[in-house]
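J.:
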Amino acid sequence: MARDDVALPDGYPEFLVSLKRRVRDSQMRAQRTVNAQLIELYWSIGREALSQQAEQGWGAGVVGRLAGDLRTEFPQMKGFSSRNLHYMRAFAVAWAGTEPIVQQAVAGLPWGHITVLLDKLDTSKSREWYAASAVKNGWSRNLLLNQIKNRTLERTGAAPSNFSAELAPADSDLARQIAKDPYAFDFLELTENAAERDLDVLPIDVVNAVDG
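So for the sequence shown, the working numbering puts the first residue at 356; every next one is plus one.
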């Protein structure tokens, strides 16, 4: 019997809608979790590079070598350029407080948003305000840029309320950019080559089982 010919019980359409919503909500939570872990990683790399610079006198050449070594080990990840490592150090300086980075609004933003905050803003207050506003209102990267150019903080002067408890809806521009963020995809190595590489290290009986 074809699927369209099945007699559906009462309440089935509502049940299906509920399940679809649950799937999408779970996907969005997973994407946000991956993004937050990536941002925490970048922040911690920046902090540790700063520590090495202070203790060991690391210069730009060492940072460049570190970037190259990381790219060799993780060739699928776009985030390990020399330029990005300098951004990571700037990120660690800009958010140097004692509160865990994953508990701050900035961890709810894709990396591209954070580089905008680092490039365009000079004070902790302004960076934190725009980060919180972007998370709460679901701003895309371009909209964040426009809000900064329009000096929205100076015009409103109001802090976004309860930003740590409020997240933009799954259909917001920010949510879509988190879902499609290439840094997050590369972080998980979600590529065909990565899958093939993983199969190469499996025992032969497991590979045969996968192949059917």
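Ideal Cβ positions, reconstructed from N, Cα and C, are used throughout, including at glycine.
Among the candidates Leu543, Val417 and Arg531, whose CA atom is the shortest distance from the CA of Arg379?
T.: For the purposes of this step, residue 379 is taken as the residue at position 24 of the sequence shown. Considering only alpha carbons, the answer is Arg531.
J.: Quick check on DSSP: helix, strand or coil for Phe446?
T.: What you label residue 446 is simply residue 91 of the sequence shown in a count that begins at 1. Correct three-state label for Phe446: helix.
J.: Please state if the CB of Arg438 and the CB of Leu405 are separated by a distance shorter than 8 Å.
T.: Start at 1 with the first residue of the sequence shown, and residue 405 comes out as number 50. Start at 1 with the first residue of the sequence shown, and residue 438 comes out as number 83. For Leu405 and Arg438, no; Cβs fall outside 8 Å.
J.: Note down, in chain order, each residue of its chain lying with its Cβ closer than 8 Å to the Cβ of Ala330, except the 5 sequence neighbours on either side.
T.: Residue coverage of the chain in this structure runs from 356 to 567, which leaves residue 330 outside it and unanswerable.
J.: State buried or exposed for Val389, treating a residue as buried only when at least 16 other CB atoms are found within 10 Å of its CB.
T.: As a first step, residue 389 is located in the sequence shown; it is residue number 34 there, counting from the start. Buried, by the Cβ-count rule.
J.: Which value, in whole angstroms, describes the spacing of the CA atoms of Gly414 and Gly434?
T.: As a position in the sequence shown, residue 414 is number 59, starting the count at 1. As a position in the sequence shown, residue 434 is number 79, starting the count at 1. Their backbone Cα atoms lie some 20 Å apart in a straight line.
J.: Would you kindly check if the distance between the Cβ of Ile533 and the Cβ of Val461 is under 8 Å?
T.: The count along the sequence shown starts at 1 and reaches residue 461 at position 106. The count along the sequence shown starts at 1 and reaches residue 533 at position 178. Not in contact: Val461 and Ile533 (Cβ atoms no closer than 8 Å).
J.: Considering only the alpha carbon of each residue, which of Glu428, Gln407 and Thr427 lies closest to Val418?
T.: Here residue 418 refers to the residue found at position 63 of the sequence shown. For the residues Glu428, Gln407 and Thr427, the minimum Cα distance to Val418 belongs to Gln407.
J.: Pull up the CB-CB distance for Leu440 and Ala451, whole angstroms please, since I reckon it's below 8 Å.
T.: Taking the first residue of the sequence shown as 1, we reach residue 440 at position 85. Taking the first residue of the sequence shown as 1, we reach residue 451 at position 96. Their Cβ separation, rounded to whole angstroms, is 17 Å, which puts Leu440 and Ala451 out of contact at 8 Å.
J.: For Arg510 and Pro537, what's the separation of their Cα atoms in angstroms?
T.: Counting from one through the sequence shown, the residue named residue 510 turns up at place 155. Counting from one through the sequence shown, the residue named residue 537 turns up at place 182. So the two alpha carbons sit approximately 34 Å from each other.
J.: When the Cα atoms are used, what is the spatial distance from Ala391 to Pro368?
T.: The count along the sequence shown starts at 1 and reaches residue 391 at position 36. The count along the sequence shown starts at 1 and reaches residue 368 at position 13. Ala391 and Pro368: Cα-Cα distance of roughly 35 Å.
J.: If you follow the alpha helix (DSSP H) that Val461 is part of, which residue opens it and which one closes it?
T.: Here residue 461 corresponds to residue number 106 of the sequence shown, with the count starting at 1. Unbroken run through Val461: none, as it is neither H nor E.
J.: Do you know how far the Cα of Thr470 is from the Cα of Glu403?
T.: Numbered from 1 along the sequence shown, position 48 holds the residue referred to as residue 403. Numbered from 1 along the sequence shown, position 115 holds the residue referred to as residue 470. For Glu403 and Thr470, the distance between alpha carbons rounds to 19 Å.
J.: What is the DSSP secondary structure of Thr478, reduced to helix, strand or coil?
T.: Locating residue 478 in the sequence shown gives position 123, counting from the first residue. The answer is coil: DSSP assigns Thr478 none of H, G, I, E or B.
J.: Smallest Cα separation from Ala489: which of Leu464, Ser399, Leu476 and Asp365?
T.: As a position in the sequence shown, residue 489 is number 134, starting the count at 1. That would be Leu464, whose Cα lies nearest to the Cα of Ala489.
J.: Output the distance between the C-alpha atoms of His468 and Tyr397, rounded to the nearest integer angstrom.
T.: Translated into positions along the sequence shown, residue 468 becomes position 113. Translated into positions along the sequence shown, residue 397 becomes position 42. Going by the C-alpha atoms only, they are around 14 Å apart.
J.: Would Glu544 pass as a contact of Gln431 if the rule is Cβ separation under 8 Å?
T.: Here residue 544 refers to the residue found at position 189 of the sequence shown. Here residue 431 refers to the residue found at position 76 of the sequence shown. Yes, the pair counts as a contact, with Cβ atoms nearer than the cut-off.
J.: Just the C-alpha distance for Pro364 and Met383, rounded to the nearest angstrom, thanks.
T.: Looking up residue 364 in the sequence shown gives position 9. Looking up residue 383 in the sequence shown gives position 28. The straight-line gap from Cα to Cα measures roughly 30 Å.
J.: If we ignore side chains and look at the alpha-carbon of each, how far apart do Ser519 and Glu454 end up?
T.: As a working note, residue 519 is residue 164 in the sequence shown. As a working note, residue 454 is residue 99 in the sequence shown. Because the pLDDT of Ser519 is 48, which lies under 50, any placement of that residue in the model is unreliable, and the number read from its coordinates should be weighed accordingly. One C-alpha to the other measures close to 13 Å.
J.: Answer yes or no: do Gly401 and Phe446 have a C-beta to C-beta separation smaller than 8 Å?
T.: As a position in the sequence shown, residue 401 is number 46, starting the count at 1. As a position in the sequence shown, residue 446 is number 91, starting the count at 1. Taking 8 Å as the Cβ cut-off, Gly401 and Phe446 qualify as a contacting pair.
J.: Roughly how many angstroms lie between the CA atoms of Trp484 and Ser436, to the nearest whole one?
T.: By one-based count along the sequence shown, residue 484 stands at place 129. By one-based count along the sequence shown, residue 436 stands at place 81. Near 28 Å, if we compare the C-alpha coordinates of Ser436 and Trp484.
J.: Helix, strand or coil: which one does DSSP assign to Trp413?
T.: The residue labelled residue 413 in the question sits at position 58 within the sequence shown. If DSSP states are grouped into helix, strand and coil, Trp413 belongs with coil.
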